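Visitor: This is the structure I want to talk about, given as structure tokens.
Residue numbers (the working numbering): 1 to 76.
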């Protein structure tokens, strides 16, 4: 089991990656692209940018969460 911390990104979180790195045992973060509208494809460049930002802080991007699914897909 890996200990990770949810991070909302530089624009949406008051906790910095440097602060997260100081938490004993934390190896990485759970992240998402919160600026991408529901139903839109996440550009690979944005995913890679998020990954690079996390790795520059000495952490790993372990999990991607909160992929918004459009209501049309949910309803079939």
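Note that beta-carbon positions come from the ideal geometry of N, C-alpha and C, so glycine has one too. Bear in mind that the values here come from a model prediction, so they are computed numbers and not experimental data.
(1) By alpha-carbon positions, which one of 4, 34, 10 ends up nearest to residue 22?
(2) Can you tell me whether residue 47 is helix, strand or coil according to DSSP?
(3) Helix or strand or just coil, what does DSSP make of residue 60?
(4) Residue 27 lies in the beta strand (DSSP E); which residues open and close that run?
(5) Under 7 Å between the Cβ atoms of residue 67 and residue 29?
(6) Which word fits residue 58, buried or exposed, when buried means at least 16 other C-beta atoms lie within 10 angstroms of its C-beta?
(7) Just grab the DSSP bridge partners of residue 5 for me.
Guide: Well, looking at it:
(1) Checked all of 4, 34, 10; the closest Cα to residue 22 is 4.
(2) If DSSP states are grouped into helix, strand and coil, residue 47 belongs with the helices.
(3) In the displayed model, residue 60 falls within a strand according to three-state DSSP.
(4) Per DSSP, residue 27 belongs to the beta strand (DSSP E) from 26-31.
(5) The answer is no: Cβ separation not under 7 Å.
(6) So residue 58 counts as exposed.
(7) Looking at the DSSP assignment, residue 5 forms a beta bridge with 29.
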